[in-house]
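Chemist:
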């Protein structure tokens, strides 16, 4: 059963979400924390599968806490979804860049929140791929690096670069397998290896990297790998 950690400095919001989640059959224990510092400690102790965390909190922000939690090296790494009262691209982009899987608005209806939690536990990307691409393209256009300036891309094989390009374009593993004429398990292997090499913690973070490194050009297509790779 999935273990969930809810983090928010506002007691009423936090307790409301915790109470709602505890009514769902099939979910495991739901733990709570009131700020980023407590969140890091709770993640270390309880190894949650999913963390719902407010962005703006005293002592340590949600984004800073997310980075520290992902740096703990928990296996498997928790999926982190940020909670916010702002439908603000700046917050969402920062969250994806930090390795979070998506974001939720605090004022969303309870049933919609439960559906989002279920979706996040079964997938690795809560924000729709098309929305992610539009969001990233708006931010990356001012900071995209060339591949020559990004040493980390040289660690990837040609096949891994190709997979990353397809992921950045919003394709699911099954669709990538069809394009590459390989099995879905092979795609998953390439994806796992490239994320390990690049120290990426979520599919969304991989999309951000693909654009910022220049593997995918803003408004363009995935770059073809320079050399073939296994």
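In the UniProt record's numbering, the protein residues as written are 1 to 230. Ideal Cβ placement from N, Cα and C applies to all residues, glycine included. The model shown is predicted, which means the values in this text are computed figures rather than measured ones.
1) Quick check: the region 67–77 against the region 14–21, are at least 3 beta-carbon pairs closer than 8 Å?
2) I need the DSSP call for residue 149, collapsed to helix, strand or coil.
3) What separation, rounded to the nearest whole angstrom, lies between the Cα atoms of residue 112 and residue 59?
4) Is there contact here, the region 76–86 with the region 27–36, by at least three beta-carbon pairs under 8 Å?
5) Would you mind stating whether residue 106 and residue 85 have Cβ atoms separated by less than 8 Å?
6) When you compare the CB positions of residue 68 and residue 40, do they come within less than 8 Å of one another, or not?
7) Whole angstroms is fine: what's the gap from residue 191's alpha carbon to residue 164's?
8) With residue 155 as the anchor, note down where its beta strand (DSSP E) starts and where it stops.
9) Leaving out five residues on either side along the sequence, give the residues of the same chain with a beta carbon under 7 Å from the beta carbon of residue 26.
10) In this structure, does DSSP put residue 165 in helix, strand or coil?
11) Residue 66 and residue 53 look like a contact to me (Cβ under 8 Å); what is the Cβ gap, rounded to whole Å?
12) Output needed for residue 9: all residues of its chain with C-beta closer than 7 Å, excluding positions within five of it in sequence on either side, in chain order.
Modeler: In short, the structure shows the following:
1) no
2) Here residue 149 refers to the residue found at position 149 when the chain shown is read from its first residue. Note on residue 149: pLDDT 45, under 50, position unreliable in the model; no value is reported.
3) Walking along the chain shown from the start, residue 112 turns up at place 112. Walking along the chain shown from the start, residue 59 turns up at place 59. Taking the straight line joining both Cα atoms gives about 30 Å.
4) No: fewer than three Cβ pairs fall under 8 Å.
5) Numbered from its first residue, the chain shown carries residue 106 at position 106. Numbered from its first residue, the chain shown carries residue 85 at position 85. Yes, the pair counts as a contact, with Cβ atoms nearer than the cut-off.
6) Taking the chain shown and counting its residues from 1, the one referred to as residue 68 is at position 68. Taking the chain shown and counting its residues from 1, the one referred to as residue 40 is at position 40. Contact: yes.
7) Residue 191 sits at position 191 when you count from the first residue of the chain shown. Residue 164 sits at position 164 when you count from the first residue of the chain shown. Those two C-alpha atoms are separated by around 7 Å.
8) Start at 1 with the first residue of the chain shown, and residue 155 comes out as number 155. Here residue 155 belongs to no beta strand (DSSP E), and DSSP marks it neither H nor E.
9) Along the chain shown, read from residue 1 onward, the residue named residue 26 stands at position 26. So the list reads 1, once near-sequence residues are dropped.
10) Position 165 of the chain shown holds residue 165. In the structure shown, residue 165 sits in a helix (DSSP, three-state: H, G or I).
11) Walking along the chain shown from the start, residue 66 turns up at place 66. Walking along the chain shown from the start, residue 53 turns up at place 53. Sure, about 7 Å apart at Cβ, within 8 Å.
12) In the chain shown, the residue the question calls residue 9 occupies position 9. Closer than 7 Å at Cβ, skipping near neighbours: 34, 35, 54, 57 and 58.
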